[in-house]
Every structure is written in C-alpha cells, then in structure tokens.
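Enquirer: If you read the sequences in order, they're chains A and B.
The opening residue of the first sequence carries number 0 in numbering that gives the first Met the number 0; numbering runs sequentially from there.
The opening residue of the second sequence carries number 0 in numbering that gives the first Met the number 0; numbering runs sequentially from there.
Built from N, CA and C at the ideal position, the CB exists for glycine as well.
For clarity, every value in this text was computed on a predicted model and none was experimentally measured.
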Amino acid sequence: MKISFDWDKKSVEKEEPGFEHKSKPGARKISYASALYETFDQLLSLNDKIFIMGQGVDDPFGMFGTTLNLHKKYGARRVFDTPLSEEGMMGVALGAALTGMRPIYMHNRPDFLLVAMNQIVNHVSKWSYMFGGAVGAPLVIWAAIGRGWGSAAQHSQNLHGLFMHVPGLKLVMPSTPYDAKGLLVSSVLDPNPVMILEHRWLLKHSGDVPEKLYQIPLGKGVVRKSGKDLTIVSASYAAIESMRAAEELSKDGIEAEVIDLRTLQPLDEEIILDSVKKTGRLLVVDTGWRRAGAASEISAIVAEKGFPYLKKPIRRVTSADVPTPACHTLEKSFYFGVNEIIDAVKEMVR
Amino acid sequence: MPIDFESSSRDLAPELSIGLYKTMLRIRLLQSRIREEYPKDEIKTPVHLCVGQEAIPAGVCANLNKEDYVLSNYRGHGHYLAKGGDLKSLLAELYGKKAGCSRGKGGSMHLVDVDAGLLGSSSIVGGGIPVATGAALSASLQETGRVAVTFFGDGAVDEGVLYESINFATLKKLPVIYICENNFYAVCSPQRDRQPLNNIYERFQGCGIPGYKADGNNVAEVYCLSKKVIEEARNGAGPSFVEFQTYRWYGHSGGETDAELGYRSKEELEDWIEKCPVKNFEQFLLGKGLISNEDIARIRAGFMGEIEEAVDFAKASPFPDEKELLDHLYYE
Ligand SMILES: Cc1ncc(C[n+]2csc(CCOP(=O)(O)OP(=O)(O)O)c2C)c(N)n1
Ligand SMILES: [Mg+2]
Numbered sequence: 000m001k002i003s004f005d006w007d008k009k010s011v012e013k014e015e016p017g018f019e020h021k022s023k024p025g026a027r028k029i030s031y032a033s034a035l036y037e038t039f040d041q042l043l044s045l046n047d048k049i050f051i052m053g054q055g056v057d058d059p060f061g062m063f064g065t066t067l068n069l070h071k072k073y074g075a076r077r078v079f080d081t082p083l084s085e086e087g088m089m090g091v092a093l094g095a096a097l098t099g100m101r102p103i104y105m106h107n108r109p110d111f112l113l114v115a116m117n118q119i120v121n122h123v124s125k126w127s128y129m130f131g132g133a134v135g136a137p138l139v140i141w142a143a144i145g146r147g148w149g150s151a152a153q154h155s156q157n158l159h160g161l162f163m164h165v166p167g168l169k170l171v172m173p174s175t176p177y178d179a180k181g182l183l184v185s186s187v188l189d190p191n192p193v194m195i196l197e198h199r200w201l202l203k204h205s206g207d208v209p210e211k212l213y214q215i216p217l218g219k220g221v222v223r224k225s226g227k228d229l230t231i232v233s234a235s236y237a238a239i240e241s242m243r244a245a246e247e248l249s250k251d252g253i254e255a256e257v258i259d260l261r262t263l264q265p266l267d268e269e270i271i272l273d274s275v276k277k278t279g280r281l282l283v284v285d286t287g288w289r290r291a292g293a294a295s296e297i298s299a300i301v302a303e304k305g306f307p308y309l310k311k312p313i314r315r316v317t318s319a320d321v322p323t324p325a326c327h328t329l330e331k332s333f334y335f336g337v338n339e340i341i342d343a344v345k346e347m348v349r
Numbered sequence: 000m001p002i003d004f005e006s007s008s009r010d011l012a013p014e015l016s017i018g019l020y021k022t023m024l025r026i027r028l029l030q031s032r033i034r035e036e037y038p039k040d041e042i043k044t045p046v047h048l049c050v051g052q053e054a055i056p057a058g059v060c061a062n063l064n065k066e067d068y069v070l071s072n073y074r075g076h077g078h079y080l081a082k083g084g085d086l087k088s089l090l091a092e093l094y095g096k097k098a099g100c101s102r103g104k105g106g107s108m109h110l111v112d113v114d115a116g117l118l119g120s121s122s123i124v125g126g127g128i129p130v131a132t133g134a135a136l137s138a139s140l141q142e143t144g145r146v147a148v149t150f151f152g153d154g155a156v157d158e159g160v161l162y163e164s165i166n167f168a169t170l171k172k173l174p175v176i177y178i179c180e181n182n183f184y185a186v187c188s189p190q191r192d193r194q195p196l197n198n199i200y201e202r203f204q205g206c207g208i209p210g211y212k213a214d215g216n217n218v219a220e221v222y223c224l225s226k227k228v229i230e231e232a233r234n235g236a237g238p239s240f241v242e243f244q245t246y247r248w249y250g251h252s253g254g255e256t257d258a259e260l261g262y263r264s265k266e267e268l269e270d271w272i273e274k275c276p277v278k279n280f281e282q283f284l285l286g287k288g289l290i291s292n293e294d295i296a297r298i299r300a301g302f303m304g305e306i307e308e309a310v311d312f313a314k315a316s317p318f319p320d321e322k323e324l325l326d327h328l329y330y331e
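(1) If we define contact as Cβ-Cβ less than 8 Å, is B:TYR262 a contact residue for chain A?
(2) Which of helix, strand or coil does DSSP assign to A:SER225?
(3) Does the beta carbon of A:ALA325 come closer than 8 Å to any beta carbon on chain C?
(4) According to DSSP, is A:HIS20 helix, strand or coil?
(5) Under a CB-based cut-off of 8 Å, is A:THR356 close to chain B?
(6) Tell me which residue opens and which closes the alpha helix (DSSP H) that A:TRP126 is part of.
(7) Pop quiz: B:VAL175 and B:ALA115 are said to be a contact at Cβ under 8 Å. What is the actual Cβ separation, rounded to whole angstroms?
(8) Helix, strand or coil: which one does DSSP assign to B:ASN279?
(9) Within 8 Å of any Cβ in chain B, is that where the Cβ of A:VAL321 sits?
(10) Under the three-state reduction of DSSP, which class applies to A:GLN118: helix, strand or coil?
(11) Give the straight-line distance between the Cα atoms of A:LEU329 and B:PRO319, rounded to the nearest whole angstrom.
(12) At 4 residues or longer, what runs of the alpha helix (DSSP H) sit wholly inside the stretch 270-324 of chain A?
(13) Closer than 8 Å, Cβ to Cβ, to anything on chain B: give me those residues from the stretch 152-171 of chain A, in chain order.
(14) Throw me the rounded Cβ distance for the A:LEU83 and B:ALA185 pair, which I believe falls under 8 Å.
(15) In the DSSP output, what is B:CYS179 paired with across the bridge?
(16) Measuring straight from C-alpha to C-alpha, what distance separates A:LYS23 and A:ASP207?
(17) Using a Cβ-Cβ cutoff of less than 7 Å, which residues in the same chain neighbour B:TYR330 once the five nearest sequence positions on both sides are dropped?
(18) Counting only beta-carbon separations shorter than 8 Å, does B:LYS43 have a partner in chain A?
(19) Run through chain B and tell me which residues come within less than 8 Å of A:PHE333, C-beta to C-beta.
(20) Keeping to the same chain, check which residues put their C-beta closer than 8 Å to that of A:ARG289; ignore five residues upstream and five downstream.
(21) State the beta-bridge partners of B:GLU307 as determined by DSSP.
(22) Taking only the alpha-carbon atoms, compute the straight-line gap between A:HIS20 and A:SER174 and give it to the nearest angstrom.
(23) With DSSP run on the structure shown, which of helix, strand or coil describes A:TRP148?
(24) With the cut-off set at 8 Å, would you say B:HIS76 and B:CYS49 are in Cβ contact?
(25) Specify, as a first and last residue, the run of the alpha helix (DSSP H) that A:LEU248 falls within.
(26) Got a sec: does ligand 2 put a non-hydrogen atom nearer than 7 Å to the Cβ of B:TYR184?
(27) Measuring only the C-alpha atoms, how far is B:ALA131 from A:ASP110?
(28) Just the Cα atoms here: how many angstroms apart are B:ILE33 and B:GLU92?
(29) With distance defined between alpha-carbon atoms, name the residue in B:ILE2, B:ILE199 and B:ILE17 nearest to B:LEU289.
(30) If the criterion is Cβ atoms closer than 8 Å, does the pair B:ALA213 and B:SER8 meet it?
(31) With a threshold of 7 Å, establish whether the CB of B:ASP153 neighbours any heavy atom of ligand 2.
(32) Closer than 6 Å by C-beta to B:CYS187: which residues in its own chain qualify, once you throw out the five before and the five after it? Chain order, please.
(33) Show which residues of chain A have a CB atom less than 8 Å away from the CB atom of B:CYS187.
(34) For A:PRO102, which of helix, strand or coil comes out of DSSP?
(35) To the nearest angstrom, report how far apart B:TYR79 and A:MET88 are at their CA atoms.
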C-alpha cells in the first residue's frame, strides 16, 4: 500500500488556516531526509550561533543524508563529529547553549540517549526551572528511531514515553516532510531544550515542502483526516499507519478522525478533546510501549477531561511490553500494523 | 613492516601455535561464509564482521579457562568462537532461529554462551565494560580464581564508563582485563577526529592500572601479552589495560568493502590486508615446518565442513513460536 500525502481537503490545520497539505500542482515534492537537509542548511546560513555536533554528522553517510557535506560548506567548527562520549557531549551542548550558542546534537538512534540521561534529565531539562528562569538552555537533541532488520533490543527503542515524562523538555515527533521542516525550525528557534525523535521509516517518504523557511508551532496537533465515528490520536510513524488504516476503513463506511499530535510535549489537549467530543470514541496509536507510555498519558487526559463524551472505553494500539526481538518473525508480532488498527477500530464502532 | 612472529613466538610450543592458527582460521572462514550468505537477505540482522582482527580473540581467549568470563560487543563473532561458543547456535541466531544462542531474540549483536563463559554482548558502545568489571568483582568476592575479559573498540575508550570501571577495578584489584581492539575507526570516523593522541594504552595509567600496547595482528604477541596480564590478574595483582592495534577490512557493518566511501584510503586498506593476521601466521608456520600444506588443506576442509553443517542446520531449523514474543522478559 502506498501512502499518499494528499491529505483530505477538510484536513485544514486548526491553528494555521492559511496552510493546506494537499499536494498542489507544481509544488515541490522532496523526501523527508532532503527536507531535513535543506532545513539544516538554511538554519546554518541563517544564524552563525547555530551549530551541529554528533557521531558521524560529517561522515560519508551524513546522518542519513540530513547533514551530508554540511561540514564542507560551513566548516568543521560548525558541523563536527564527536567522540563516543554521549553524557559528556550532552553537557557540552548544554554549556554552549547557556552561553549564547544554539547547539543541535544529533544521534542516529535514541537508544544512545540513554547514556546521556543524567545530563538530559538532571541538567538540560531542569536548568531553567531549577534556577528560577535565570538562564535558558536553547538546544536541540535529535535522534532517529530504528526499526527492522534485527535491530533488536538496543537499536530500535521508542523512548518518547520516557522523555515525555520529564518536565522541561519539549518533545517533537513529526510524520511528514512538511512537518519535519517546520518543526525543526521551531525547535531550533525555541528558547528551550527540544528533543526531536524522527522515525527512520519516514526518512524516505516524500511530500510537498516549500523551499523557504517556515515554522510549525510546538504544541499544536493537526487533524489529518476528519471523521465522525471515532478519534485516532497518533504521532510520527503511527500517524502514517493510522492514516493508512483510516483510508481502508473509509471503504467500509467507517469514518475515523485522525489526529497527528506532531509534538508530545507540549501536548495539544484541545485538539484531542474537541475530536473526542464529536466522535465519542478514542483509540490511541503509539509506536512506544504500552505501560506508562505516551498512549497512557493521552488516555488519562481524556479519561479525566473528556469522560462524559466517551461512548466506549478508550483503547490503545502499541507495541508489546517487551524489548524488541531480533528475529523478523517475532519483530512482526512485536510491531502493530494497519490491520491491528483496523481491527481495534471495528471492535470499537461495532 | 612485516609481522615479527619470530621473536614473539619464541616461547610458544608448536601445538600452541597451531592451535592459535586454527582458532583464527575458523573465525575467518566463518565470516567468509557469512559474507557469502549475507546478500541473500536470509540473515536479517546487522552483522559486524571482525575480518582482519582475528588474532585478538584467538590470542586472548587461548589464555582463558572455560569458567573465565568474557563480555563482548556487537562485533563479537570472534570473541564468541574463541571463547568456545557453540557454532551451530551462533549461526542459528544469525538466521533468527529458535535454536540460536539467544533463541532468535538477540541477532548478531547479542551473542551469549553462558556455559562457555560468554555472559553476553552489548550493542551499546562500552556497555559490557562495567559488566565485566562486576563479573571480576564477583570472582574476587567468591574467590573462584576466575578472571573477566571485556573487548571493546577504540571508539569505546571515550565513554566515561571505561574510566569509572577502571578506577574501581584498580581500587579493588579486580581480576579483569580491558582489551581495546583499536582498528582506528568508529564507523567512518577516524581515531584522529575523536582523540587528540594515538596513545590509548597510556590513558589510564594515571589511575594506577598498567597499560600495554601490542601488534593486534600478531597472534603470538597477543597471546604472550595476554598470558602475562591474565596470570597477574588471576594471581591477585589486579587489572590491566591492553591496546591491540589492528584493522577491520570490511564496512562497519555488512560484508562489503567500503574504501570507495572515501573515509579511508584504498592504499591503507591494502597495506593492512597485506598484514593479514591469518595468512601471515600461516606462512610463518609453513616456513618453520610446523605445518604442511596438506595439514592446512585438511584443517580448512574440516572447518568448512563444520561451518556448512552449521549453516544447513541454521537454515533448516524453525523460527521461534509467535508465543515466545512475551517469554524471557523475566528469568525463570
Ligand atoms: C553509546 C553508543 N553510541 C553510539 C553507538 C553507535 N555505534 C555503534 S558502533 C560505533 C563505533 C564504535 O567504534 P569502536 O568502539 O572503535 O568499535 P569498532 O566498531 O571499530 O569495533 C558507533 C558509533 C552505539 N552503538 N552506542
Ligand atoms: Mg574501532
């Protein structure tokens, strides 16, 4: 099944009435990775306080192509490789951010962020609050979630639930090339620490992306497809899977409303509650673990604030509560797909 | 510069030299077979080959008993075989089968053979280092006389956890050996882009741990230096740090050559292929008359047969049952 990014005409964004996702004739279609590359390039030329660091950002792979050869264009002072010292380097980025620079620290997998947890959780995310707002830490932590080919337990973790739990950290999870660009710009310009978790499977998708720089606000979700029967809340790759499921369900006369949160922190509660008010049913689809994860938090918010709207118990589609297994047959059972979403929706609207 | 086997193998008994050669050859042949298989896409897991680096696991592990501990990393096929890991279980793991050493849950990056003393392998750089230190603490507390060895790359020495582990091990005089396999690259990143000096072995001496450097392509030298530090550790003299310089022939992962990417030169790669740890030692043994061409052919054929049998076994054996997805989360 091929995913189209020609979103339903009705899927206008709540807060940005001027913008439309529909692919326009003559619009520029580029890949997600190219959109990121272009944005990094434009940001580096926009402001010389912005710099990029990370293992392999200047190597022949250029972080999945997103930073390829930028070190040649902007020099090794602004785009540089780091030693394998994630905790130390995270603190180095923080120190630079506190003193006027705008670091972007890139990792090719979020799993490696766990090595930097002390700096991320105890320092980066707390610096503003702990010192009563005396100084801010405007930095970006970027990583791409892996999946498949036996990546296994330590190379394919969806850790956003863990990071969503941490106050003080903004958390961005785009799903389209358009969003990837606009959210990256907002993240880099934000006066606070922002973590962007990409999903590797999105990097090859393509979609309409304007060439000029633009921002998508952090904390604003978008209705990807409107529908009356049920609300699906998702982000990142789960939003794509949800759209695929919703398109299939339409053929059976079931109209699911698909919300792509874009950012998990801040979280657009309003867009979720407005939709559930309309549909009375909530399915949360999340690439993360079920227990105490992003889906749990979203469900809790709706249970607290939208209980009267609910006609059915809330449901979650997530990956299993185990580490990722290596072998591909077990991988298949570990990850949910379009069918699991469709089955859940059908049971809920029955 | 040719590898100086003459002086480094002076004290080695002929059977020992032949044994070291066989271990290296077996690791090499296995990896060549994996390289042949990998493009078929039946091995659905990232493989990190140690072709070019075989002398290190062979020389180090020849000094270890079965009961001694090893903690490996994602580039662990050599460590696994040299420590006595089961070949069939390794191949079955690569093919994601239930008969795999990790029952298909780990893949190539997570090899284990507890009976052979291989406690596990981490794909997080530096992940095994403190764990080996803990195994050594346990050996020390239980007075078992065992030692622990951990293998890691030149990239891993920049992880703070190595410093923390070494400080503790030295403080407690733990029987642990830190083996750095310096192949000069971390993925595509050369050592000079990550480290101010090429002196890994000296780095931790200030903590009070002895640091050594040796030719990681000279199995006799690897063996002799490892013998010394492992004996010292076993006798209560505490830990050591050893840097073996070597080179990886193929890409960081997968079985392709990658000099065309431009991060390392073809000449550099060719120089190191000239310094092949297996071929050169074979030549040396032939020259010494310790082994004949017929011996070599017989040994090779034996290993090839064993590997073929293991590949067939792995391919024919079943995938884990779907129900196993939820198993093993807690140990029973
Ligand atoms: C903590 C952590 N950071 C980054 C990575 C990604 N990574 C995997 S292997 C590797 C290179 C390691 O190089 P080195 O330690 O020299 O070992 P080699 O692969 O050369 O054997 C990197 C950066 C990782 N697995 N874990
Ligand atoms: Mg290396």
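Expert: On the basis of the supplied data:
(1) So yes, B:TYR262 belongs to the interface.
(2) Residue state, collapsed to three classes: coil.
(3) Although the question refers to chain C, the structure presented lacks it and instead comprises the protein chains A and B.
(4) The predicted position of A:HIS20 is uncertain, since its pLDDT is 40 and thus under 50; a value taken from the coordinates is nonetheless stated next. The DSSP-derived three-state label of A:HIS20 is coil.
(5) Any question about residue 356 of chain A goes unanswered here, given that chain A covers just 0 to 349.
(6) Run containing A:TRP126: 126-129, per the alpha helix (DSSP H) assignment.
(7) With a beta-carbon spacing of about 18 Å, B:VAL175 and B:ALA115 fall beyond the 8 Å limit used to define contacts.
(8) In the three-state DSSP reduction, B:ASN279 falls in the helix class (H, G or I).
(9) Answer yes: the Cβ-Cβ gap between A:VAL321 and chain B drops below 8 Å somewhere.
(10) Helix at A:GLN118.
(11) Computed Cα separation, rounded: 7 Å.
(12) List check, alpha helix (DSSP H) in window: 293-304.
(13) Under the 8 Å Cβ criterion, the stretch 152-171 of chain A contributes ALA152, GLN153 and HIS154.
(14) With a Cβ gap of about 6 Å, A:LEU83 and B:ALA185 count as contacting.
(15) Checking the DSSP bridge columns, you'll see B:CYS179 partnered with B:PHE151 and B:GLU242.
(16) In a straight line, the C-alpha of A:LYS23 is about 8 Å away from that of A:ASP207.
(17) Cβ neighbours of B:TYR330 beyond the five flanking positions: none.
(18) Taking Cβ atoms only, chain A reaches closer than 8 Å to B:LYS43, which makes this a yes.
(19) Contact annotation for A:PHE333 against chain B: LEU324 [CB-CB distance below 8 Å, chain order].
(20) Contacts found: SER295, ARG315, THR317, SER318, ALA319 and ASP320.
(21) Answer by DSSP bridge pairing: none, since B:GLU307 is not bridged.
(22) Confidence at A:HIS20 is low in this model, with a pLDDT of 40, below 50, so the placement of that residue is unreliable and no value is reported for it.
(23) DSSP places A:TRP148 in the coil class of the three-state scheme, outside both helix and strand.
(24) Yes, the pair counts as a contact, with Cβ atoms nearer than the cut-off.
(25) Start and end: 235-250.
(26) When distances are taken from the beta-carbon of B:TYR184 to the heavy atoms of ligand 2, the shortest one is below 7 Å.
(27) Separation of B:ALA131 and A:ASP110 (C-alpha to C-alpha, rounded to the nearest whole angstrom) is 21 Å.
(28) Rounded to the nearest angstrom, the gap between the Cα atoms of B:ILE33 and B:GLU92 is 12 Å.
(29) Comparing Cα positions, the closest option is B:ILE17.
(30) No, the pair does not count as a contact, with Cβ atoms beyond the cut-off.
(31) The answer is yes for B:ASP153.
(32) Cβ-Cβ distances below 6 Å link B:CYS187 to TYR262 in the same chain, with the five nearest sequence neighbours on each side left out; the list follows chain order.
(33) Near B:CYS187 (Cβ distances below 8 Å), the residues of chain A are GLY55, ASP58, PRO59 and PHE60.
(34) A:PRO102 falls in the strand class under three-state DSSP.
(35) A direct Cα-to-Cα measurement between B:TYR79 and A:MET88 gives close to 32 Å.
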